[in-house]
Every structure is written in C-alpha cells, then in structure tokens.
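In this note's numbering, the protein residues as written are 92 to 214.
For each residue, glycine too, the CB sits at the ideal point set by N, CA and C.
Predicted model only: the values in this text are computed from it and were never measured.
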C-alpha cells in the first residue's frame, strides 16, 4: 500500500518495540490496549497501544481508510480527538475525518500534550 506509521517519541517506540509500522490493509485501526479493567481490546483494532490513566487513547481511537479511491484519517469517536496536520478531528461540531495526502503528515492521538504522535508517510 505504501503507507507507513513512523512512531514519534521514545515512549511510543519503546512500548511497541519498533520505530515504524507498515500498513498492509485498510481500514487500519489504532486504539488502546486492554487495561485490565474489564474492558478488552476491540477485535478490529490492528495496532493496540498500552496507555495509563488518565488515558489519551480510546480503545478504538482512529483509523486510516480508503473512501472513493482517496485515503483519509477518521477519528473513531475517541474521547480526546485526533489531530491531523493541526486540524482537530472528532467531537461536537468538528469533522470526523480529513484527507490523507501523499507525502508526510503529522498525527497526534489524544490531547495536545499526548505522547502518542505519529508521522504518516504515504507514497
């Protein structure tokens, strides 16, 4: 597919044991791993990331999708939203998705100070 998630920040790279992740299928969903509080990781999440209270990530946080031949990032109803290239996605009165263009994009999952930051590379 030519899509890679580059993990920005030592905490995220250490948690996942990788520097980047290749996306092999769409939709590709990212969310919070089960926290042991009785709520499991969703079966349709491809990349489950461990988070601690107060959570930045929702169990199904955002996805990379293809719609009508174009790539997009969609906030999946997360609590704190998703920011793509400075545009906040999700929440009342905001769009839930934005186009994902060729080249490099910056994504933050959660609050503005969230450690869950990605560079998305699209060829």
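- Annotation for residue 103: the continuous alpha helix (DSSP H) segment containing it runs 101-107.
- Per DSSP, reduced to three states, the secondary structure at residue 200 is strand.
- Per the DSSP secondary-structure output, residue 125 pairs with nothing in a beta bridge.
- Going by DSSP, residue 151 is part of no beta strand (DSSP E) at all; its letter is neither H nor E.
- Annotated as proximal: residue 104 and residue 98, with beta-carbon spacing under 7 Å.
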